[in-house]
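Take a look at the structure below.
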Amino acid sequence: MSDYILAFDVGGTFIKSAALLASGELVPESVASYPAKASLGREELLGHLTELIWRQMGTILTGDPLARLHGIGYAFPGEFDYPNGISYIAGLGKFESLYGVNLKQEVTARVLADAAGLGKRLSPRFRIAFENDASLFALGEWKLGKARPYRRSVCLTIGTGAGSAFLDGGRLVSSGAEVPPRGWICFLPFGDGIVDQYVSERGFLKLAADLAGPAGAAEGFGIKGLGVREFGVKEFAAMAREGNEAARRAFDQFGRNIGEVINRHLSAFRPEAIILGGQISKSSDLFLGGILDVLHDKAMAIETTDDTSLSTFAGAAELLRLE
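With UniProt numbering applied, the sequence shown covers 1 to 323.
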């Protein structure tokens, strides 16, 4: 009989999930992605979240009929009361029906109500925990990834926004003079706005649009008849790797922006390393040079993760261990 943890990385479009042994070892066949169904009503969405628990447990039970559920760890976007499991997401058009809902209580109640199924599969120490996705990514990177060799590091997830988490000896640091409130850099001032507007997918795409000129035409990138906004980061990365000079300039400036954010907002923490994750980190070969060109602390290591989701899953297991 083995105890397992279910990890869910909740996004607005998809919910990625995996099962891990309570010791933190991943069950490879359990890695899956499901529709988020974020626009459903309250009861339907809670039912969907419960169904995903059952589906993941079904995968575990196929290989281990005596498996017990030790805990569930959720990476959820903000605004969110993580210790108490209460969602305050609003104004995003996603998960609106869960505003003010205590997900920890609601999901636990649904699991316990299934007395003949999930309810009888729970270990005596079963619990549910919630945390920000960047924080779980950081815990996973410290447990199994690139942050492990360093006592102090900052983990950045760069995607639709700029996620951040500060680590000291494997512990999350979210308060104090050296870190921003909650350890979140996204709302800190930068340029003509805030960090989230620059160190993100939309921040990169704005750089590309600016390079294309006032009309936003793609002729500046050697493409006729299309607008820059019809392209994503992936397409620009392919162009840059093929030698497109305008695309390469966009990535270089994006890296410089990241480097300046590190100089301005992260250096007080004195990190030995910055760990980059998120979708845009897959193009880090194109913007690392820009970071290094402006970085004040030349001894600071800049690392990129191999798989953000796997680190987040490992972080969920670590979160439950630490609780």
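Virtual Cβ for every residue (Gly too), placed ideally from N, Cα, C.
query                                                                                                                                                                   : result
Return helix, strand or coil for Glu-245, following the three-state DSSP convention.                                                                                    : helix
Roughly how many angstroms lie between the CA atoms of Ala-217 and Ala-209, to the nearest whole one?                                                                   : In this prediction, Ala-217 has a pLDDT of 45, which is less than 50 and means its spatial position is unreliable; nothing more can be read from the coordinates.
Rounded to the nearest angstrom, what separates Gly-243 and Gln-279 at their Cα positions?                                                                              : 21 Å
How big is the Cα-Cα spacing for Arg-110 and Leu-172?                                                                                                                   : 30 Å
Keeping to the same chain, check which residues put their C-beta closer than 6 Å to that of Gly-290; ignore five residues upstream and five downstream.                 : Asp-252, Gly-255, Arg-256
Would DSSP call Ser-23 helix, strand or coil?                                                                                                                           : coil
For Asn-132, count neighbouring Cβ atoms within 10 angstroms of its own Cβ and tell me buried if that reaches 16, exposed if not.                                       : buried
Would you list, in sequence order, the uninterrupted alpha helix (DSSP H) runs of no fewer than 4 residues that lie entirely inside the region 125-187?                 : 133-144
Out of Leu-20, Ala-7, Val-107, Ser-33, which one is the CA nearest neighbour of Thr-13?                                                                                 : Ser-33
Could you check where the beta strand (DSSP E) with Arg-68 kicks off and where it finishes?                                                                             : 68-75
So, for Arg-127: in the same chain, excluding its five sequence neighbours on each side, which residues have a beta-carbon less than 6 Å away from its beta-carbon?     : Gly-71
Ignore the nearest five residues each way along the sequence and tell me which others in Leu-45's own chain have a CB closer than 8 Å to its CB.                        : Lys-37, Ala-38, Phe-95, Ser-97, Leu-98
Using the beta-carbon count (16 or more within 10 Å), is Lys-224 buried or exposed?                                                                                     : Caution applies to Lys-224, whose pLDDT of 47 falls short of 50 and renders its modelled position unreliable; the value that the coordinates give is listed next. Its Cβ having fewer than 16 others within 10 Å, Lys-224 is exposed.
Have a look at Gly-117 and Ala-7 and give me their C-alpha separation to the nearest angstrom.                                                                          : 19 Å
Would Ala-215 be called buried (16 or more neighbouring beta carbons within 10 Å of its own) or exposed?                                                                : For Ala-215, the pLDDT reaches just 48, beneath the cut-off of 50, and the residue's location in the model is therefore unreliable, although a value from the coordinates is still provided. Exposed: under 16 other Cβ atoms inside 10 Å.
Is there at least one non-hydrogen atom of the ligand FMN closer than 8 Å to the beta-carbon of Asn-84?                                                                 : Among the components modelled here there is no ligand, and therefore nothing to report on the ligand FMN.
Three-state secondary structure (DSSP) at Asp-81?                                                                                                                       : strand
CB Ala-147 to CB Ala-273, shorter than 9 Å?                                                                                                                             : yes
Under a three-way DSSP split, which group does Thr-59 fall into?                                                                                                        : helix
Would you say Leu-167 and Arg-152 are within 9 Å of each other, going by their C-beta atoms?                                                                            : yes
Helix, strand or coil for Ile-89 per DSSP?                                                                                                                              : coil
Going by DSSP in three states, Ala-273 sits in which element: helix, strand or coil?                                                                                    : strand
If we call anything under 9 Å between Cβ atoms a contact, is Tyr-74 one with Asp-81?                                                                                    : no
Name the DSSP beta bridge partners of Lys-16, please?                                                                                                                   : Asp-9, Ser-33
Mind checking whether Asp-306 and Gly-145 have CB atoms under 9 Å apart?                                                                                                : yes
So, for residue 411: in the same chain, excluding its five sequence neighbours on each side, which residues have a beta-carbon less than 8 Å away from its beta-carbon? : Residue 411 is absent from the structure shown; the chain starts at 1 and stops at 323.
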